[in-house]
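Sequence order for the protein chains is A and B. Quick note: the first sequence uses our numbering, first residue 6, plus one each step. Quick note: the second sequence uses our numbering, first residue 11, plus one each step. Worksheet for the structure shown next.
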Amino acid sequence: MSIDWAAFTPWAALAGGIIIGIASVLLALANGRIAGISGIVGGLLRPAFPDAAWRIAFLAGLIAAPLLYTAYAALPEIIVVAGYPTLIVAGLVVGIGTRYGAGCTSGHGVCGLSRLSPRSLAATFAFMAAGFATVFVVRHVLGS
Amino acid sequence: MYALLAFVTGLLFGFGLIVSGMANPAKVLGFLDIAGRWDPSLALVMAGANAVGLAGFAVAAKRRVTLLGTPMMLPTARTIDRRLVAGSVVFGVGWGLAGFCPGPALVALGAGHVKALVFVAAMVAGMGVFEIVERMRARSTTASQAAPAGE
């Protein structure tokens with residue numbers, strides 16, 4: 006392992022993390038909800054959703070964020086290396102996995118760990134390990 | 011008011027993802043590539059978010075109603091089952107393939123990236139598969155429970 010010092014952005018990462026933390030706490034205190042993106046999206050696919058309004062509002066805010074951000078500052082670059090077939094497979098797998106696993110990076114990794122939930126600790130460990138393993142196989146075993 | 015606050019929170023969450031650099035899948039993959047040139051940034055995003063979260067959720071856990079007076083809807087499940095772990099492993103594989111998890115993918119979609127749109131469409135389809143399978147499973151269990159023994 007060697008650290009990529011040129012890519013490492015500790016202060017921006019910490020600042021962004023704090024903002025994410027504030028947003029998560031705000032949703033819990035004001036709305037009594039977990040800011041888990043996969044759960045918020047997935048809840049819209051349920052047969053009956055009387056709580057669709059806040060879900061749609063939250064997701065609209067998330068999607069509007071880059072639009073508003075560009076009005077004040079240059080948006081940091083977004084580089085998607087994966088091709089379309091990979092994106093489709095990855096998307097399907099992320100959709101199925103997050104629903105069975107009852108959460109993703111935000112719901113388990115941010116909110117769940119903050120709540121000291123053993124379930125979220127197990128889930129975060131599982132998806133981190135799988136993420137590390139997948140990138141290792143793709144980049145260093147298959148060698149793309 | 012309830013939905014308006016959710017919108018503001020979503021906006022703030024999106025800003026956090028942009029500022030942290032996590033809206034960029036290439037940066038996320040840089041974190042997941044521990045055997046290559048490793049970018050530890052994501053660990054600090056988690057540290058920052060969890061530092062605020064630990065304090066904030068401790069306050070939230072003590073409350074019975076929200077600041078708006080509505081009931082708290084925070085999860086109560088405690089058991090670690092195979093479904094949770096297997097699902098999370100499957101999610102981690104997808105995360106490692108493209109570098110996208112649900113939040114950043116929606117932010118990248120908002121930024122106008124067609125590839126993010128394709129990922130999100132596939133993700134929603136995957137969630138739809140889960141709903142269909144679960145509904146079929148629920149129907150078959152209720153049917154077998156409702157069916158008399160003589161059938």
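The beta carbon of each residue, even a glycine, is placed where N, CA and C say it ideally should be.
Residues of its chain near V146/A, where Cβ-Cβ distance is below 7 angstroms and the 5 sequence neighbours each way are ignored: What you label residue 146/A is simply residue 141 of the first sequence in a count that begins at 1. Excluding residues within five positions, none has a Cβ falling inside 7 angstroms.
Determine, using beta carbons only, whether I142/B comes closer than 7 angstroms to chain A. Taking the first residue of the second sequence as position 1, residue 142/B is located at position 132. Not closer than 7 angstroms to any Cβ of chain A, the Cβ of I142/B fails to qualify, so no.
Since I believe A128/A is in contact with L94/B (beta carbons under 8 angstroms), could you give me their beta-carbon distance rounded to a whole number of angstroms? Residue 94/B sits at position 84 when you count from the first residue of the second sequence. Residue 128/A sits at position 123 when you count from the first residue of the first sequence. Right, their Cβ atoms sit about 6 angstroms apart.
With a threshold of 7 angstroms between beta-carbons, can Y77/A be considered close to chain B, or not? Here residue 77/A refers to the residue found at position 72 of the first sequence. It does not; no Cβ of chain B falls within 7 angstroms.
Per DSSP, I8/A forms a beta bridge with which residues? Taking the first sequence and counting its residues from 1, the one referred to as residue 8/A is at position 3. According to DSSP, I8/A bridges with W48/B.
Would you identify the three-state DSSP class for P71/A, choosing helix, strand or coil? Taking the first residue of the first sequence as position 1, residue 71/A is located at position 66. In this structure, P71/A counts as helix in the three-state DSSP scheme.
Assuming the contact rule is C-beta atoms closer than 8 angstroms, V99/A and P112/B should be a hit. Round their C-beta distance to whole Å, please. Against the first sequence, residue 99/A aligns to sequence position 94. Against the second sequence, residue 112/B aligns to sequence position 102. Between the beta-carbon of V99/A and that of P112/B there is about 7 angstroms, and that keeps the pair under the 8 angstroms contact cut.
With 9 angstroms as the limit, tell me which residues of the segment 59 to 75 of chain A have their beta carbon closer than that to any beta carbon of chain B; keep them in chain order. Here the close residues are W59, R60, I61, A62, F63, L64, A65, G66, L67, I68, A69, A70, P71, L72, L73, Y74, T75.
Relative to the alpha-carbon of R74/B, which residue among G112/A, Y77/A, P71/A, A33/A has its alpha-carbon at the smallest distance? Here residue 74/B refers to the residue found at position 64 when the second sequence is read from its first residue. If we check each option's Cα against that of R74/B, A33/A comes out closest.
Does DSSP put V86/A in a helix, a strand or coil? To locate residue 86/A, count along the first sequence from 1; it is residue 81. Three-state DSSP puts V86/A in coil, outside helix and strand.
Near G160/B, what residues of its chain come up, given a Cβ to Cβ distance below 7 angstroms and the 5 sequence neighbours on each side ignored? Residue mapping note: residue 160/B aligns to position 150 of the second sequence, counting from 1. No answer about G160/B holds up, because its pLDDT of 44 lies below 50 and its placement is not dependable.
If you measure from the beta carbon of T80/B to each beta carbon in chain A, is any gap under 7 angstroms? Your numbering for residue 80/B matches position 70 in the second sequence. Closer than 7 angstroms: yes.
Output the boundary residues of the alpha helix (DSSP H) element that contains M133/A. As a first step, residue 133/A must be located in the first sequence, where it is residue number 128. Here the alpha helix (DSSP H) through M133/A covers 123 to 141.
Against chain A: residues of the segment 52 to 65 of chain B by CB proximity under 9 angstroms: L52, A53, L54, V55, M56, A57, G58, A59, N60, A61, V62, G63, L64, A65
Hey, is M137/B's beta-carbon within less than 7 angstroms of any beta-carbon in chain A? Taking the second sequence and counting its residues from 1, the one referred to as residue 137/B is at position 127. Closer than 7 angstroms to some Cβ of chain A, the Cβ of M137/B qualifies, so yes.
Distance, F140/B Cα to S98/B Cα: For the purposes of this step, residue 98/B is identified with residue 88 of the second sequence, where counting begins at 1. For the purposes of this step, residue 140/B is identified with residue 130 of the second sequence, where counting begins at 1. The straight-line gap from Cα to Cα measures roughly 14 angstroms.
By how many angstroms is the C-alpha of T110/A removed from the C-alpha of G20/B? On the second sequence, residue 20/B is found 10 positions in, with the first residue counted as 1. On the first sequence, residue 110/A is found 105 positions in, with the first residue counted as 1. Here the alpha carbons of T110/A and G20/B stand approximately 15 angstroms from one another.
For P90/A, decide whether its Cβ has a neighbour in chain B, counting only Cβ atoms nearer than 7 angstroms. Position 85 of the first sequence, counted from the start, is the residue given in the question as residue 90/A. It does not; no Cβ of chain B falls within 7 angstroms.
Below 8 angstroms on the Cβ atoms is my contact criterion, and I expect G96/A with G41/A to pass it. Report the Cβ-Cβ distance as a whole number of Å. Numbered from its first residue, the first sequence carries residue 96/A at position 91. Numbered from its first residue, the first sequence carries residue 41/A at position 36. About 17 angstroms separates the two Cβ atoms, so there is no contact after all.
With 16 as the cutoff for other CB atoms within 10 Å, does W16/A come out buried or exposed? Translated into the one-based positions of the first sequence, residue 16/A becomes position 11. When all chains shown are included, W16/A counts as exposed.
Buried or exposed by the 16-neighbour rule on C-beta atoms within 10 Å, applied to R120/A: In the first sequence, counting from the first residue as 1, residue 120/A sits at position 115. Counting Cβ neighbours within 10 Å, R120/A comes out buried, since at least 16 surround it.
Buried or exposed (CB count within 10 angstroms, at least 16 for buried), V30/A: Locating residue 30/A in the first sequence gives position 25, counting from the first residue. It is buried - the Cβ of V30/A has at least 16 other Cβ atoms within 10 Å.
Can you say whether K2/B is buried or exposed, counting buried as having 16 or more other CB atoms within 10 angstroms of its CB? With chain B running from 11 to 161 in the structure shown, residue 2/B is simply not present.
Within this structure, are the beta carbons of L116/B and L127/B separated by less than 7 angstroms? As a first step, residue 116/B must be located in the second sequence, where it is residue number 106. As a first step, residue 127/B must be located in the second sequence, where it is residue number 117. In this structure, L127/B does not lie closer than 7 angstroms to L116/B by Cβ.
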